[in-house]
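To start, the structure itself, in structure tokens.
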Amino acid sequence: MDGRWKVSAATNWVLEEPDVLSAIRDNDAMAYQLALGNADGGFMFDFPKCRLGDGKPEFEQNDTLDVPLNIMGEKHPTLGFALGVTVFPYLPV
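For reference, each letter of the sequence shown is one residue, going 82 to 174 in this note's numbering.
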């Protein structure tokens with residue numbers, strides 16, 4: 082990162098993969114993609130290298146495991162960017 086941008090996202094996840102908590106604990110770098118779409122088109126957000134922060138599970142009796150996570154993007158050494166955004170003006174149904 083050259084100091085001009087700090088890429089991050091605050092999210093809330095329902096965990097289905099136990100490796101996520103291990104990745105937070107071990108501070109492992111990973112990739113994360115998020116796609117959103119509706120009848121008007123869509124977006125794809127791509128963090129080619131990121132780390133997850135916080136990750137303190139919130140336990141509610143008889144409910145899903147809810148985990149607030151911060152995604153901190155880092156400049157990917159080969160791709161040269163921390164966040165890629167693709168806009169799709171049309172998505173086939």
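A virtual CB, placed ideally from N, CA and C, is assigned to each residue, including glycine.
Residue environment, residue i, which counts as buried when at least 16 other CB atoms sit within 10 Å
i	result
Ala163	buried
Asp127	buried
Arg132	buried
Distance between residue j and residue i (C-alpha atoms, nearest Å)
i	j	result
Ile105	Tyr171	36 Å
Val168	Trp86	20 Å
Asp121	Pro99	35 Å
Asp107	Gln142	28 Å
Other residues of its chain near residue i: CB distance less than 7 Å, five sequence neighbours each side excluded
i	result
Ile152	Ser89, Ala90, Thr92, Tyr113, Phe128, Cys131, Leu133
Supposed contact pair residue j and residue i - C-beta distance, whole angstroms, cut 8 Å
i	j	result
Gly123	Leu117	6 Å
Leu160	Trp94	The pair is not a contact, with the Cβ atoms about 24 Å apart (cut-off 8 Å).
DSSP three-state assignment for residue i, whether helix, strand or coil
i	result
Ala33	Beyond the ends of the chain as shown, which are 82 and 174, falls residue 33; an answer cannot be given.
Glu101	Reading off the sequence shown, one finds Val at residue 101, where the question assumed Glu. Helix, per DSSP.
Asp147	strand
Phe206	This structure cannot speak to residue 206, because the chain is shown only from 82 to 174.
Proximal residues to residue i (C-beta, below 8 Å), its chain only, five neighbours per side dropped
i	result
Ala110	Lys130, Cys131, Arg132, Glu155
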